[in-house]
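A short write-up of the structure that comes next.
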Ligand SMILES: Cc1cc2nc3c(=O)[nH]c(=O)nc-3n(C[C@H](O)[C@H](O)[C@H](O)COP(=O)(O)OP(=O)(O)OC[C@H]3O[C@@H](n4cnc5c(N)ncnc54)[C@H](O)[C@@H]3O)c2cc1C
Ligand SMILES: Cc1cc2nc3c(=O)[nH]c(=O)nc-3n(C[C@H](O)[C@H](O)[C@H](O)COP(=O)(O)OP(=O)(O)OC[C@H]3O[C@@H](n4cnc5c(N)ncnc54)[C@H](O)[C@@H]3O)c2cc1C
Ligand SMILES: Cc1cc2nc3c(=O)[nH]c(=O)nc-3n(C[C@H](O)[C@H](O)[C@H](O)COP(=O)(O)O)c2cc1C
Ligand SMILES: Cc1cc2nc3c(=O)[nH]c(=O)nc-3n(C[C@H](O)[C@H](O)[C@H](O)COP(=O)(O)O)c2cc1C
Ligand code: FES
Ligand code: FES
């Protein structure tokens, strides 16, 4: 973990309102493992005391990339960053995904920035698997080429039917599962809206898949000190405890999460 | 008086750390009279609740220009403005200088941005006169060509002697006064550091010159509502009263100011 | 178009958005920029019986998301104000609320009484939250006995609608809200500026000549919203919410917390048209949410099931 | 190189810059980023006798120049803390100050007593400023009788240096500062977070699940500096100044106002190295001004001739 001033190498429009931010972070980038995030201090937001967390989309040598959308004050201010600007980064943070095991079939489920958050995992998997991407509309489906060029099969659903199947991502998963003949045990990795994660988790628990979900909670410190980002996790004794999604997470075994919470 | 969003037409380096900001302000610019100021809401300073006041240096049709120096948070943030950026302006504000009278000889005394603040007056005077500019060093002497091209004689003093005479501005004024033969009554207009204004005022009162000074006080509202910018002004009954430098000023007859104040 | 008018006891306001005392002068200062008739009301700068000069300079200092001020309540006195400014204000339909202060109960009573017969004055706002106004060593705004005494005396002295402006620096705002109600106030307004100070570390001098001052602006809003919410649970008289309002959303926080009206203060310095932008934004919000009046939004905070319903729950 | 060490009664700190309770965890969280031995002291997150879960989420919300929090004092309990974290903390030379709280005087006494025999604990900070800690209906931090009772009881129960952390929401901080001193506190720290709230106007729900929370960060600094300045005039025991410190200049304001040491809170979230930057900046300032120690700067505010010397002068 570092806290460093890094330089913007490039920023460009991506797709569907997303932007691609490339940072020169020679110490941090090589140490990022799939599912980890960085905590960004956004310049020119003097009124804001909090950083903003972003998953690492790709790393390439000394560089790391973030794929983000301008949804609020922080992310909209980020759009002003230009090559050469400096910003402070803490990272890599969080536990990240457990590595896919040889002999298991990897399945990805993603919505929104989850497609970016799963890319490093796809790249490091011992074998390509299948990826289910869901979104509202065609522009919300990101990075398909990148996954396909790694050999992954990508199945898409959009609510308005403008790309892939019309519907939600779990419709497609259910159909795939219903006709699946391969007997390798699944390893499912999901990152997206909470409702998507819960729907995946319920299926995983029913059908006995191993499934990890990466949750999105408001964060303060990002390093485990402030106890902002907690969620309820089941304990061996039947009780529950708050766990910090920045430290014990953001990736949790879906069976451990107390899903009633939200 | 307007409160309007205007556009930056241009911003460029000037000299001595000063920058020249040109604004498209078609309603405001034509109404500015010499010695008036505008109150600027500086963009990207969300933590700041106050505007910053600036004298109008030049107006040209729909444009007005400000000559300013990055001395603090606000003015340093202003340096980021680029052509096309928008900002909110209140103006024209303040009383401005009384117009020079025909038959009187106009004398300007300036330090710092005062050289810019007196330009419109020089341009509108019925006859050119003499201008005394003082500064720490050569780069602090601004706009000499502009005044000379209007026919004014410009005498300069710098503390380090790098331009004009070594010393302070009143040295030069005293020498000029000692050998002056012309008998026209003087009208003196001064804008600069408080010590300069006071030194000029003392001479004016001794030698019976008509002299106006433009004072620089911290401002809040800029329009007379908050009572931040007050200074002590003598009353006919021998008492004193606070007067608002944004409303009754920033230009005062030097005889009216209670100089003991500072 | 939703109905924007609100009722503060006997006082009807055309819109729920006032300008706060001391931040809008006496009316003429902003009249070139703003149509005063579009305001919910003008609360003029604090008026005492006799003219007062106010504090030495510097009187203000900018701080993070806020302003420190120690202006010192300079004013032309009741007579001066009536002569200099009332003829101007009478040209408008906007309700004029005179913010009054004094150094003793008797002075408060005298200045209140003076305004009873003045045409065009719609209400009085009692400024008991100025730290300097002392009777003996008690402070009217934070000492319960003096507070009750001054509210009761002014209530008896005026037939005008009476708004009592509360000090924020008390450990239980509910007590003061209830006392104001019990002593006959028609409404309460809160908060006044928060006692504070700033130091120039290079000179080791206070940034204000007066050493201490009052903090206002966005920095105090969460503190003010909390106090308004508490007060709203303690009294039935209407509340004017004040503190750091610079956009419609901020004003809506106060209304949802229980305020019937709000006042814009420091934000007028940043952007004179704030009061109108806030008014338009409230209208737009009511329309979008299908609400017919400000009253139907007032106090509608949904504290949910999870949420603690009293104010004594754990923080930190 | 000026001497940065400061004395808080019996407690010696290597530098005057601590990290504030609840904003730096229990030590390990930031240890990868910061050499803990460079800190003036670590004040750990509030510890109760028994483990506590804390509040529902959302627990924080960002506001203008500040943070609202209602974390709810989750903690592993005294035993859990001692087992999980003290072995780690003993590896460092940095003074460890344990922030303690309870729901009754008896609980405070028990948790204080538990730490008396724990190696590596340098002092206790008594958190009486958490709004939830009630005995009957009294709040320890704002009700003088309960305040005195808990300070006296804990004082009798511990031989460790005792720091009492004051609540900001009282009408006269001097009374509480004097009471802490009278009951035997070795030092006081202030301020704790300021009761506040924020509302999401679209959902009409509070932004915190707990409805209300505590405001911290730059927004509260001018308020905190004023309270420290007042407290410094009321007591002779040392003061730890807290509230919105994010750079050396901010810390120097507190020291010039009368604090012997300071603590960095929310700013650690924004920039974990703040505590070190503040320390370096203080050293640089002392050197530049030819001052040999923090003590020679402490309380050196020059209120001048013009300036009012009491706290009761006019604002507004
Ligand atoms: C582990 C993780 C990884 C993420 N990865 C990505 C990614 O790769 N790409 C992407 O686009 N997004 C990602 N996000 C989401 C991203 O962090 C948010 O979109 C971003 O924080 C939004 O900030 P904002 O200021 O633009 O907008 P908003 O969310 O609108 O913020 C508005 C307001 O919300 C409040 N707020 C924000 N955070 C908090 C908090 N912790 N506590 C209280 N209030 C808060 C603030 O008041 C803020 O001003 C990730 C989130 C997490 C937790
Ligand atoms: C009538 C008038 C005309 C001027 N014309 C010019 C000009 O033409 N060119 C030029 O360069 N300068 C001009 N100035 C000066 C210019 O306004 C200041 O340089 C500018 O305000 C500095 O702002 P700043 O934030 O950069 O720096 P600083 O002065 O360093 O501001 C630092 C801090 O000072 C404080 N501060 C500023 N104003 C106030 C206030 N009113 N009350 C309390 N605290 C305050 C704030 O905390 C601010 O952050 C003029 C000033 C006046 C009064
Ligand atoms: C410069 C200034 C002068 C003020 N003068 C008065 C006053 O005369 N009487 C009064 O009751 N309040 C006065 N106030 C307090 C405001 O009316 C208001 O309560 C406070 O500013 C909080 O609102 P804000 O955060 O929107 O500014 C003054 C505030 C400021 C900033
Ligand atoms: C997230 C958070 C948790 C806190 N927890 C505690 C606590 O457990 N005990 C305590 O006495 N103060 C606690 N505080 C208050 C801080 O110690 C400090 O007094 C306050 O944050 C003001 O300082 P700041 O403005 O620098 O943050 C907490 C503050 C924050 C922001
Ligand atoms: S964000 Fe602070 S503990 Fe997770
Ligand atoms: S700046 Fe507000 S009265 Fe002059």
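Residue numbers (our numbering), protein chains in the order written: chain A, 18 to 279; chain B, 18 to 279; chain C, -12 to 303; chain D, -12 to 303. Even for Gly, the Cβ is constructed at its ideal location relative to N, Cα and C.
task = Determine the burial state of residue 246 of chain D: buried for a count of at least 16 other Cβ atoms within 10 Å of its Cβ, exposed for fewer.
result = Here the question's residue 246 of chain D lines up with position 259 in the fourth chain. Label assigned to residue 246 of chain D: buried.
ask   = Considering only C-alpha positions, which residue in the set A/115, A/274, A/260 is nearest to residue 310 of chain D?
value = Summary: the structure shown does not reach residue 310 of chain D, with chain D confined to residues -12 through 303, and so no result is reported for it.
query = Got a sec: is the Cβ-Cβ distance from residue 95 of chain B to anything in chain A below 9 Å?
reply = Taking the second chain and counting its residues from 1, one reaches residue 95 of chain B at position 78. For residue 95 of chain B, not one C-beta of chain A is nearer than 9 Å to its own C-beta.
query = Can you list, in chain order, the residues of its chain whose CB lies under 6 Å from that of residue 312 of chain C, leaving out five sequence neighbours each side?
reply = The question about residue 312 of chain C has no answer, for chain C in this structure spans -12 to 303.
query = Touching or not, the stretch 69 to 89 of chain C and the stretch 27 to 40 of chain C, by the rule of three or more beta carbon pairs under 8 Å?
reply = Contact between the stretch 69 to 89 of chain C and the stretch 27 to 40 of chain C is established, with three or more Cβ pairs separated by less than 8 Å.
inquiry  = Any C-beta of chain C within less than 7 Å: which residues of the stretch 190 to 210 of chain D qualify?
reply    = Going along the stretch 190 to 210 of chain D in chain order, one finds 191, 192, 193, 196, 197, 198, 199, 200, 201, 202, 205, 206, 208, 209, 210 with a Cβ nearer than 7 Å to chain C.
Coil, strand or helix - residue 114 of chain C by DSSP = As a position in the third chain, residue 114 of chain C is number 127, starting the count at 1. It is a strand residue.
query = Cα-Cα, which of A/217, A/234, A/253 is closest to residue 247 of chain A?
reply = By one-based count along the first chain, residue 247 of chain A stands at place 230. Measuring from the Cα of residue 247 of chain A, the nearest candidate turns out to be A/234.
query = Cβ of residue 33 of chain D within 9 Å of Cβ of residue 9 of chain D?
reply = Position 46 of the fourth chain, counting from 1, holds the residue named residue 33 of chain D. Position 22 of the fourth chain, counting from 1, holds the residue named residue 9 of chain D. Residue 33 of chain D is a Cβ neighbour of residue 9 of chain D, given a cutoff of 9 Å.
ask   = I think residue 273 of chain A touches residue 250 of chain A, with their Cβ atoms under 8 Å apart; what is that distance to the nearest whole Å?
value = Sequence index remark: in the first chain, residue 273 of chain A carries index 256 (1-based). Sequence index remark: in the first chain, residue 250 of chain A carries index 233 (1-based). Contact holds; Cβ gap of about 5 Å.
request  = Give the straight-line distance between the Cα atoms of residue 138 of chain D and residue 224 of chain C, rounded to the nearest whole angstrom.
outcome  = As a position in the fourth chain, residue 138 of chain D is number 151, starting the count at 1. As a position in the third chain, residue 224 of chain C is number 237, starting the count at 1. Inter-residue distance for residue 138 of chain D and residue 224 of chain C is about 39 Å (C-alpha atoms, whole angstroms).
Close Cβ partners of residue 128 of chain A (< 7 Å) along its chain, the five nearest in sequence each way excluded = Numbered from 1 along the first chain, position 111 holds the residue referred to as residue 128 of chain A. Cβ within range, chain order: 151, 152, 186, 209, 210, 213.
8 Å contact criterion, which residue 20 of chain A and residue 256 of chain D should meet: CB distance rounded = Here residue 20 of chain A refers to the residue found at position 3 of the first chain. Here residue 256 of chain D refers to the residue found at position 269 of the fourth chain. Not a contact, Cβ separation roughly 12 Å.
ask   = Alpha carbon to alpha carbon, how far is residue 36 of chain D from residue 281 of chain D?
value = For the purposes of this step, residue 36 of chain D is taken as the residue at position 49 of the fourth chain. For the purposes of this step, residue 281 of chain D is taken as the residue at position 294 of the fourth chain. Note on geometry: alpha-carbon atoms of residue 36 of chain D and residue 281 of chain D lie some 36 Å from one another.
query = In the stretch 29 to 56 of chain C, which residues sit with their C-beta less than 7 Å from some C-beta in chain B, listed in chain order?
reply = Going along the stretch 29 to 56 of chain C in chain order, one finds 40, 41, 44, 45, 46, 47, 49, 51, 52, 53, 54 with a Cβ nearer than 7 Å to chain B.
ask   = Under a three-way DSSP split, which group does residue 64 of chain A fall into?
value = What you label residue 64 of chain A is simply residue 47 of the first chain in a count that begins at 1. DSSP places residue 64 of chain A in coil when its eight states are reduced to three.
request  = Apply the 10 Å Cβ neighbour rule to residue 237 of chain C and answer buried if 16 or more other Cβ atoms are within range, or exposed otherwise.
outcome  = By one-based count along the third chain, residue 237 of chain C stands at place 250. Classification of residue 237 of chain C: buried, given that the 10 Å Cβ count is 16 or more.
ask   = Among D/-5, D/233, D/266, D/103, which residue has its Cα nearest to the Cα of residue 258 of chain D?
value = Reading the fourth chain from its first residue, position 271 is the one you call residue 258 of chain D. Closest by alpha carbon: D/233.
query = In three-state terms, what does DSSP make of residue 209 of chain C?
reply = For the purposes of this step, residue 209 of chain C is identified with residue 222 of the third chain, where counting begins at 1. In the three-state DSSP reduction, residue 209 of chain C falls in the helix class (H, G or I).
ask   = By DSSP, does residue 283 of chain C sit in helix, in strand, or in coil?
value = The count along the third chain starts at 1 and reaches residue 283 of chain C at position 296. Note: residue 283 of chain C maps to helix in three-state DSSP.
message = Any beta carbon from chain C within less than 9 Å of residue 67 of chain B's own beta carbon?
response = Your numbering for residue 67 of chain B matches position 50 in the second chain. Interface residue, yes.
key: 7 Å CB neighbourhood of residue 298 of chain D in its chain, flanking five on each side removed   = Translated into positions along the fourth chain, residue 298 of chain D becomes position 311. Reliability fails at residue 298 of chain D, whose pLDDT of 39 lies under 50, so the model's placement of it is uncertain and the value that follows must be treated cautiously. Hits under 7 Å: 217.
inquiry  = Just to confirm my understanding: we take residue 129 of chain D, look at its own chain, exclude 5 residues before and 5 after, and list those with CB closer than 7 Å. What are they?
reply    = If you number the fourth chain from 1, residue 129 of chain D lands on position 142. In the same chain as residue 129 of chain D, and ignoring 5 residues on each side of it, the C-beta atoms closer than 7 Å to its own belong to 154, 156, 157, in chain order.
query = Does the beta carbon of residue -4 of chain D come closer than 9 Å to any beta carbon on chain A?
reply = As a working mapping, residue -4 of chain D is identified with position 9 in the fourth chain. Residue contact with chain A for residue -4 of chain D: absent (no Cβ-Cβ distance below 9 Å to any residue of chain A).
query = So is residue 126 of chain C in contact with chain D if we call contact Cβ pairs under 9 Å?
reply = On the third chain, residue 126 of chain C is found 139 positions in, with the first residue counted as 1. It does: the Cβ of residue 126 of chain C has a partner Cβ on chain D nearer than 9 Å.
task = Kindly indicate which residue of D/-11, D/4, D/39, D/48 has the alpha-carbon position closest to the one of residue 209 of chain C.
result = Taking the third chain and counting its residues from 1, the one referred to as residue 209 of chain C is at position 222. When D/-11, D/4, D/39, D/48 are compared, the shortest CA-CA separation from residue 209 of chain C is found for D/48.
query = Does the separation of the CB atoms of residue 90 of chain B and residue 132 of chain B fall below 9 Å?
reply = For this step, residue 90 of chain B is matched to residue 73 along the second chain. For this step, residue 132 of chain B is matched to residue 115 along the second chain. Annotated as distal: residue 90 of chain B and residue 132 of chain B, with beta-carbon spacing of 9 Å or more.
message = ligand 4 and residue 229 of chain D: does the residue's C-beta get closer than 8 Å to at least one heavy atom of that ligand?
response = The residue you call residue 229 of chain D lines up with position 242 of the fourth chain. Within the cutoff, so yes.
ask   = Hey, quick one: how far does the alpha helix (DSSP H) through residue 94 of chain B stretch, first residue to last?
value = Counting from one through the second chain, the residue named residue 94 of chain B turns up at place 77. 90 to 95 is the span of the alpha helix (DSSP H), which, as asked, contains residue 94 of chain B.
task = Check whether the Cβ of residue 255 of chain C sits closer than 8 Å to any heavy atom of ligand 2, and report yes or no.
result = For the purposes of this step, residue 255 of chain C is taken as the residue at position 268 of the third chain. No - ligand 2 has no heavy atom lying nearer than 8 Å to the Cβ of residue 255 of chain C.
task = Work out the CA separation of residue 275 of chain B and residue 58 of chain C for me, nearest whole Å.
result = In the third chain, the residue the question calls residue 58 of chain C occupies position 71. In the second chain, the residue the question calls residue 275 of chain B occupies position 258. Cα-Cα distance, rounded: 19 Å.
ask   = Residue range of the beta strand (DSSP E) that residue 139 of chain D falls in?
value = Taking the first residue of the fourth chain as position 1, residue 139 of chain D is located at position 152. Where residue 139 of chain D is concerned, there is no enclosing beta strand (DSSP E), although the alpha helix (DSSP H) it sits in stretches over 131 to 144.
query = With DSSP run on the structure shown, which of helix, strand or coil describes residue 90 of chain C?
reply = Looking up residue 90 of chain C in the third chain gives position 103. Coil.
key: Any C-beta of chain C under 9 Å from that of residue 17 of chain D   = For the purposes of this step, residue 17 of chain D is taken as the residue at position 30 of the fourth chain. Not an interface residue.
task = Below 8 Å on the Cβ atoms is my guess for residue 18 of chain A versus residue 20 of chain D; work out the distance and round it to an integer in Å.
result = Position 1 of the first chain holds residue 18 of chain A. Position 33 of the fourth chain holds residue 20 of chain D. Yes, they are in contact, since the Cβ atoms of residue 18 of chain A and residue 20 of chain D sit about 6 Å apart, within 8 Å.
key: Expected contact under 8 Å - CB spacing of residue 110 of chain B and residue 32 of chain B to nearest Å   = Locating residue 110 of chain B in the second chain gives position 93, where the first residue counts as 1. Locating residue 32 of chain B in the second chain gives position 15, where the first residue counts as 1. So it is not a contact: roughly 26 Å between Cβ atoms.
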